[in-house]
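Residue numbering for the sequence shown follows the working numbering, beginning at 181 and increasing consecutively.
Backbone N, C-alpha and C define an ideal beta-carbon position, used for all residues, glycine too.
See structure below.
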Amino acid sequence: MVKTDLAEIYRNYVTCLNRQDWPQLGQFVGDDVSYNGRRLGLSGYRAMLEQDFRDIPDLRFDVVLLIADASRVASRLAFDCSPKGSFLGLDVDGRRVSFTENVFYEFRDGKIVEVWSVIDKLAIEAQL
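Structure (structure tokens):
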């Protein structure tokens, strides 16, 4: 698979997330996907994302940096949103915060099978 194909697949995946088009998620994510070393499977991964959107009603994934090779994608995502209640152990309580997430994805057969994510919690703390 050439990197432009993987970059396009990834952008389509982000569009799927932003639309909350959960029935299509399996088109982009493998059945045995792992997140930060923990095997969630497709149903667990979907449940995690659905919960994210319940906790952050105005959640939107904005790709600001994307690098792809034959089997991996590295992405920097930007967020400007208002999480309800506690977020990452911080009492955000609906206040608008801006932060980034650095995410690495491993693909197999055109689907995401591994996700490693780091959210810039210090940026959120500085705004509270």
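The continuous beta strand (DSSP E) containing S297 extends over residues K291 to I299. Membership of G224 in the alpha helix (DSSP H) is indicated by the continuous run G221 to D235. Straight across, the Cα-Cα distance linking K291 with V209 is about 5 Å.
Within the same chain, and ignoring the five residues on either side of R256 in sequence, the residues whose Cβ sits closer than 7 Å to its Cβ are V244, L245, T280 and N282. Going by C-alpha positions, S262 is about 33 Å away from D249.
Put simply, the stretch 219-233 touches the stretch 197-207. At least three CB pairs are less than 8 Å apart. At a cut-off of 3 residues, the continuous stretches assigned as beta strand (DSSP E) that sit fully inside the stretch 238-305 are 242-248, 252-261, 277-288 and 291-299.
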